[in-house]
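Step one of this worksheet: look at the structure below.
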Amino acid sequence: MENFIFQSPTQFVFGRATEEQVGALVKAHGGTKVLLVYGQGSVVRSGLIDRVRRSLSKAEIPFVEMGQVMPNPTDEKVYEGIDLCRREGADFLLPVGGGSVIDCAKAIAAGVPYDGDFWDFFEGKTIPTALPVGVVLTIPAAGSEGSGNSVITKAALQKKISIRAPHVLRPRFAVMNPELTFTLPPYQTACGVVDMMAHIQERYFNNTPATQVTDCLSEALLRTIAELAPKVMAVPDDYDARANLEWCGTLAHNGLCGVGVAEDWASHAMEHELSALYGVAHGAGLAVVFPAWLTWMAHHNPRKVKQWAENVWHVDSSGLTELETCLEGISRYKDFLHSIGMPTTLGELGIENPDISLLSSRLHEHKGPTVGTYVPLGPADSREIYQLAQG
Ligand code: NZQ
Ligand code: ZN
147 MENFIFQSPT
157 QFVFGRATEE
167 QVGALVKAHG
177 GTKVLLVYGQ
187 GSVVRSGLID
197 RVRRSLSKAE
207 IPFVEMGQVM
217 PNPTDEKVYE
227 GIDLCRREGA
237 DFLLPVGGGS
247 VIDCAKAIAA
257 GVPYDGDFWD
267 FFEGKTIPTA
277 LPVGVVLTIP
287 AAGSEGSGNS
297 VITKAALQKK
307 ISIRAPHVLR
317 PRFAVMNPEL
327 TFTLPPYQTA
337 CGVVDMMAHI
347 QERYFNNTPA
357 TQVTDCLSEA
367 LLRTIAELAP
377 KVMAVPDDYD
387 ARANLEWCGT
397 LAHNGLCGVG
407 VAEDWASHAM
417 EHELSALYGV
427 AHGAGLAVVF
437 PAWLTWMAHH
447 NPRKVKQWAE
457 NVWHVDSSGL
467 TELETCLEGI
477 SRYKDFLHSI
487 GMPTTLGELG
497 IENPDISLLS
507 SRLHEHKGPT
517 VGTYVPLGPA
527 DSREIYQLAQ
537 G
């Protein structure tokens, strides 16, 4: 096990009707004027945004609003939010939505106090400070409600970059009412499931010795998600299944599953190129990239893949070679993904003629000569994995 610092300071306010506390929470965390940020209409249609407005008014917190943040948020919306925040003197960001809305709000929060271009943070030129952010979550998926990350696409360059600045970007609070997720379309529910599993797997596949606690936590979360996913797909308003799944999504990405290990993140880097170039949903992209990455790893570094096959997918390895055990686990993972309506090949994702060379060259141009740590991947390796993703 490696040395670690684990700090998860977000106050999670979880359960039915918790959105009614949001005004009081903003006040308790020092906000005096809010920029309310939301997406393309789901929170308006559900009536949630009205309940949030009422709660802010009740707490006598003035607010201004910015809607129409789109999935895979772009820099344009961040600039708009920074201008609005400065003009209106807002000192607290309140995103109501999923990862896209939260990440846009985090980037605005970092951009407001900065003299230069906020994109400097995403180019690694400087480290941000930020206004405080509180969250009302509507989709368990990206884990941004508990993470110190923000992922933004520079539209003109089709460049999607993740920054990690936990000291300033972790939300002060996250309101999580599982009932808010009942309205999710099945496709978005499934994308969320894939993403939260991926967040655990990006940390689980490591070469660090003696990581028993973190491994066991990760395996238990993965098994729990695999068990709950079909339940919420079948009965979207099953409160207890939705609630457990939502908490899994937070634990998957608040750092707990990365304690004491060297994390990988190659699959996310490879997926971000797919969503930047082809506009696919992040979770659906991961459903295609992760099985391909695992298949490649089964041949190049099978140790943890075998453990995952046995402990998550219940593969009985007696009588099987190490490779056969790994491949059986991957096959069960793909069956699971198909069972919740996810693609597992680029073709099924709707990308009929992927430009593999371009994907791979952009990956290394944006993320460095190698990506990942489980086996660091150079350009020839990442090309092979994108090829495997063709099925
Ligand atoms: O825009 P609206 O109308 O709100 O619709 C959204 C959107 O179309 C809809 N939705 C959300 N909650 C809903 C709902 N529809 C009905 N009922 C509800 N309760 O779902 C769609 C997807 O929303 P989005 O916010 O894009 O989903 P997600 O949470 O998966 O976020 C994806 C983004 O997060 C980034 C991804 O790359 C992507 O840009 N990530 C952020 C991370 C982080 N900050 O730590 C880590 C992740 O690995 C990820 O990269
Ligand atoms: Zn993700």
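With the sequence shown counted from 1, adding 146 to any position gets you the numbering used here.
We treat Cβ as the ideally placed atom computed from N, Cα and C, and that holds for glycine.
{"query": "Cβ pair count under 8 Å reaching 3, the stretch 303-322 against the stretch 358-366", "result": "no"}
{"query": "heavy atom of the ligand ZN below 8 Å from GLY518 C-beta", "result": "no"}
{"query": "Which listed residue (PRO355, VAL359 and PRO241) has its alpha carbon closest to that of LEU181", "result": "PRO241"}
{"query": "Where ALA288 sits in the DSSP three-state scheme", "result": "coil"}
{"query": "Exposure label - ASN352; buried when at least 16 CB within 10 Å", "result": "buried"}
{"query": "Residue from GLY465, VAL426 and VAL198 with nearest C-alpha to ARG495", "result": "Looking at the sequence itself, residue 495 is Leu, so the reference to Arg does not match. Here the closest residue by C-alpha is VAL426."}
{"query": "GLY289 beta carbon near the ligand ZN (any heavy atom closer than 8 Å)", "result": "yes"}
{"query": "CYS403: CB within 8 Å of a non-hydrogen atom of the ligand NZQ", "result": "no"}
{"query": "C-beta atoms of LEU432 and ALA344 nearer than 9 Å", "result": "yes"}
{"query": "Complete runs of the alpha helix (DSSP H) confined to the stretch 416-476 [at least 4 residues]", "result": "428-446 and 449-457"}
{"query": "Range covered by the alpha helix (DSSP H) that runs through PHE557", "result": "Residue 557 lies beyond the range of the chain shown here (147 to 537); nothing can be said about it."}
{"query": "Beta-bridge partners of PRO241, as assigned by DSSP", "result": "VAL183"}
{"query": "For SER114, three-class secondary structure by DSSP", "result": "There is simply no residue 114 to check, as the chain begins at 147 and stops at 537 in what is shown."}
{"query": "ASP249 beta carbon near the ligand COA (any heavy atom closer than 8 Å)", "result": "This structure simply doesn't include the ligand COA; it includes the ligand NZQ and the ligand ZN instead."}
{"query": "9 Å Cβ cutoff met for GLY338 and GLY429", "result": "yes"}
{"query": "Cut-off 7 Å between Cβ atoms - residues of its own chain near ILE285, not counting five sequence neighbours on either side", "result": "GLY244, THR327, LEU330, GLN334 and GLY338"}
{"query": "ILE298 to GLU419 span [Cα, whole Å]", "result": "12 Å"}
{"query": "Assigned secondary structure, PHE319 (DSSP; H/G/I helix, E/B strand, else coil)", "result": "strand"}
{"query": "VAL314 versus ASP237 - alpha carbon distance", "result": "14 Å"}
{"query": "Same chain, Cβ closer than 6 Å to ALA375, five either side skipped, listed in chain order", "result": "VAL339 and ILE486"}
{"query": "Beta-ladder partner(s) of LEU295, from DSSP", "result": "For the sequence presented, residue 295 should be read as Asn rather than Leu. Per DSSP, ARG310."}
{"query": "Cα-Cα separation, SER503 to ARG529", "result": "7 Å"}
{"query": "7 Å Cβ shell around LYS173 - same chain, five flanking residues per side excluded", "result": "ALA205 and ILE207"}
{"query": "Rounded separation between LEU202 and VAL210 - CA only", "result": "11 Å"}
{"query": "VAL513: CB within 8 Å of a non-hydrogen atom of the ligand NZQ", "result": "For clarity, residue 513 is Lys in the given sequence; the question names Val instead. Not under cutoff, so the answer is no."}
{"query": "Identity of the residue in THR471, GLN347, GLU456 and ASN457 nearest ALA414 by Cα", "result": "A quick correction: the sequence has His, not Ala, at residue 414. It is GLN347 whose Cα lies nearest to the Cα of HIS414."}
{"query": "Status (buried if at least 16 other CB within 10 Å, exposed otherwise) for HIS399", "result": "buried"}
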